[in-house]
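Scroll down for the structure; my scribbles are underneath it.
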Ligand SMILES: [Zn+2]
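Residue numbers (the numbering used here): 5 to 344.
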């Protein structure tokens, strides 16, 4: 391990853009598959799973992703998945994570919303106790499922309102899923005190990001890398301090960006756009949050102090209350000072 890699490994971090099911590692998937052995195409043997997880293309990624969603069949599966994802984040010194959860996917497969929310809250409490990690939730609309999914996601968010729920999101494909149609749902979620964090400008142009800002009241943007094509938008994001949740490896794996060397992260940083570094669906994209920090350090030419600043940026962009931010910023500062 290089010196910078070991600095990153020990650095206390916040993760703001990581999906719940998308975080299921081969180890976790094997555990779920074993529970439903013989009743799922997913192999329960970790060695066979490594092959199963080797994506041929984006369509294959979606196929594998959905087969993992399909393994989450009852509230005990939800508890296991959430708790084990927290274990893997905590291992990377993630102290605080806003996990994107898609309740619609699970409730529409037959897990009742109250049982689902109780399971994630149980796992949140157990993870804080056992691993020292604070989890919070972003409930996102799977955009491809349209307005009925928006309606149901909003209903679950407002009726169940689990204690860890902070924000309302919108994921899935952008092409053919215009953002403005979701305005009424975001209006209601925001009126109820949830923060707005839609994905936008991942696979489409800057216009989608403008839509997310204007129509959905976005306070942070999931991905948002297309902003690099629009200087006016970059100025707007910089002036209003609206952070982007950048996930470099994901963008290459989904072909949103042709190669890591062509990633727009340096252009965004040069324009003063607040950026945070995140992992999206890490095991499915063959990455980790640590690896994403290393990739960002390479793209931006950062040393240890620069990498510590990236960790600070995620804390600042988080929806932690002031005292929580101060505590984590102090911890990052102490760690960096110990390595200076
Ligand atoms: Zn995402």
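Ideal Cβ positions, reconstructed from N, Cα and C, are used throughout, including at glycine.
State the start and end residues of the unbroken beta strand (DSSP E) segment that holds residue i.
i: residue 175; result: 169-175
i: residue 225; result: 225-227
Taking the continuous alpha helix (DSSP H) assigned at residue i, which residues delimit it?
i: residue 299; result: 293-304
i: residue 200; result: From DSSP, residue 200 is part of no alpha helix (DSSP H) but of the beta strand (DSSP E) over 199-204.
i: residue 191; result: 187-195
i: residue 132; result: 117-135
i: residue 213; result: 210-220
i: residue 157; result: 150-164
i: residue 235; result: 235-243
i: residue 274; result: 269-274
Can you check whether the C-beta of residue i is within less than 9 Å of a C-beta belonging to chain B?
i: residue 122; result: Among the chains of the structure shown, chain B does not appear; only one protein chain is present.
May I ask you to report which of helix, strand or coil DSSP gives residue i?
i: residue 15; result: coil
i: residue 65; result: helix
i: residue 324; result: coil
i: residue 46; result: coil
i: residue 263; result: coil
i: residue 2; result: Residue 2 lies beyond the range of the chain shown here (5 to 344); nothing can be said about it.
i: residue 183; result: helix
i: residue 178; result: coil
i: residue 60; result: coil
i: residue 30; result: helix
i: residue 86; result: helix
i: residue 310; result: helix
i: residue 316; result: helix
i: residue 111; result: helix
i: residue 91; result: helix
i: residue 78; result: coil
i: residue 344; result: coil
i: residue 147; result: helix
i: residue 337; result: helix
i: residue 55; result: helix
According to DSSP, residue i sits in a beta bridge with which residue or residues?
i: residue 40; result: In the DSSP output, where bridge partners are listed per residue, residue 40 has none listed.
i: residue 104; result: 23, 142
i: residue 280; result: 249
i: residue 98; result: 17
Those residues, in chain order, that have a beta-carbon closer than 6 Å to some heavy atom of ligand 2: What this structure holds is ligand 1, not ligand 2.
Stretch-stretch touch, CB-based, cutoff 8 Å, three pairs: the region 42-51 with the region 123-142: no
Meets three-Cβ-pair contact criterion under 8 Å: the region 57-67 and the region 84-98: no
The region 285-298 touching the region 233-247, judged by at least three CB pairs closer than 8 Å: no
The region 50-58 / the region 273-283 touching (three or more Cβ pairs under 8 Å): no
Three or more C-beta pairs below 8 Å linking the region 29-42 and the region 330-341: no
At least three beta-carbon pairs within less than 8 Å, the region 104-119 to the region 154-173: yes
Cβ contact (3+ pairs, closer than 8 Å) linking the region 251-258 and the region 314-331: no
Three-pair Cβ contact test at 8 Å for the region 205-217 versus the region 261-271: no
Stretch pair the region 127-137 + the region 152-162: three plus CB contacts closer than 8 Å: no
At least 3 beta-carbon pairs within less than 8 Å: the region 232-242 vs the region 184-192: no
Validate contact between the region 19-37 and the region 74-90 using beta carbons, cut 8 Å, 3 pairs: yes
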